[in-house]
Amino acid sequence: MKDGPSRLRITGVDLPQPGFNPDERIKLTGKRLEDYARDFGVPFEYHGIASQWDSISIEDLNIRDDEVLVVNSMHTVVRLRDEILFGMNKSRNQLLNLIRAIQPKVFTHGVLNLAFSPYFFPRFRMNLLQYLRFYDMLDTFVSPNSKPRKLVEFELFGPHIINQIACEGTDLDTIPETYNQCHKRNLETGFEQLPVDPNVLKECCKIVRNGYNKGFFAGEDCNWFLQGWKGNIFYAASLWKPRLE
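Quick note on numbering: our numbering labels position 236 of the sequence shown as 237, and the sequence is numbered without any gaps.
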């Protein structure tokens, strides 16, 4: 731009962490982003919020009228639990209604494409199949005794597996949904989907096809960009905007 790069302002929202510093992680994220922006000469401002996502108000976000607003939500709604467990449409719809109310130019919605059951035995079978696929992917690239492998297993997979097997009800840490379920919910709460750019999709698929193991794949379904392993869809992302009434 004529007067230099535009100013970038990010509001990061994360769950409060247990202990005496509930906002420690969100502050550390902001510090890293500030260092990164400084390295590239980008004017930058950061605002961190440590809160439950469904308890945030518009005022907390400190939105400014002269800004182009974009909302990026990656795997956020899986931690909003009450509606699926108790048959209510509260927390997830409440979050989506908040996003719609602030009228973003674009809402980027990314989901971990997993099935869920509130009952133990179906949930156990679902998790068994899901982690068989994850471990098949890990075994292809990472030695069982390597430090990165142990980090993934102990810090990411392990706590989640224990929680899904040992806990019930509101003690479950995540309640995942498939991208088809998220698609329906977004439409019902007043969003309209934006199309995937065919040129970007083509280039991404080409990169995955030519630069990665043949087990990986990328594709598109109903304007969701899909990523996965050996025919199993792990991640999905799509673009939305508030629908004009």
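Virtual Cβ for every residue (Gly too), placed ideally from N, Cα, C.
Assumed close pair residue i, residue j - CB separation to whole angstroms, cut-off 8 Å
i	j	result
Gly220	Cys206	7 Å
Leu68	Arg10	Just to set this straight, residue 68 is Glu in the shown sequence, not Leu. About 7 Å separates the two Cβ atoms, so the contact holds.
Ile50	Ile57	7 Å
Same chain, Cβ closer than 7 Å to residue i, five either side skipped, listed in chain order
i	result
Trp54	Val14, Thr77, Leu81 and Leu96
Arg244	Gly191, Phe192 and Glu193
Val143	Pro149 and Arg150
Cys223	His184
Ser52	Val14 and Pro17
Test item: CB-CB of residue i and residue j under 8 Å
i	j	result
Thr30	Leu240	no
Arg126	Phe117	no
Trp230	Arg150	no
Phe45	Glu35	yes
Val79	Pro177	yes
Ile103	Ile59	yes
Asp174	Asn164	yes
Cut-off 8 Å between Cβ atoms - residues of its own chain near residue i, not counting five sequence neighbours on either side
i	result
Val107	Val71, Val72, Leu195, Leu240, Trp241 and Lys242
Neighbourhood of residue i by C-beta, 6 Å cutoff - its chain only, sequence neighbours within 5 removed
i	result
Leu227	Gly220, Ile234 and Ala237
Ser74	His110
Gly159	none
Trp225	Tyr180, Ala237 and Ser239
Beta carbon proximity, residue i to chain D, threshold 8 Å
i	result
Arg101	In the structure shown, chain D cannot be found, because there is only a single protein chain.
Handout entry: Segments of 3+ residues assigned as beta strand (DSSP E) that fall wholly inside the region 114 to 160
Key = none
Practice task
Would you check if there are 3 or more beta carbon pairs closer than 8 Å linking the region 106 to 124 to the region 183 to 201?
Solution key: yes
Practice task
Would you be able to state if there are at least three C-beta pairs under 8 Å between the region 37 to 52 and the region 135 to 142?
Solution key: no
Problem - 3 or more residues per run - each beta strand (DSSP E) lying fully within the region 179 to 218 - result: 192 to 195
Handout entry: Whole alpha helix (DSSP H) elements within the region 53 to 107, 4-residue minimum
Key = 59 to 62, 83 to 87 and 92 to 102
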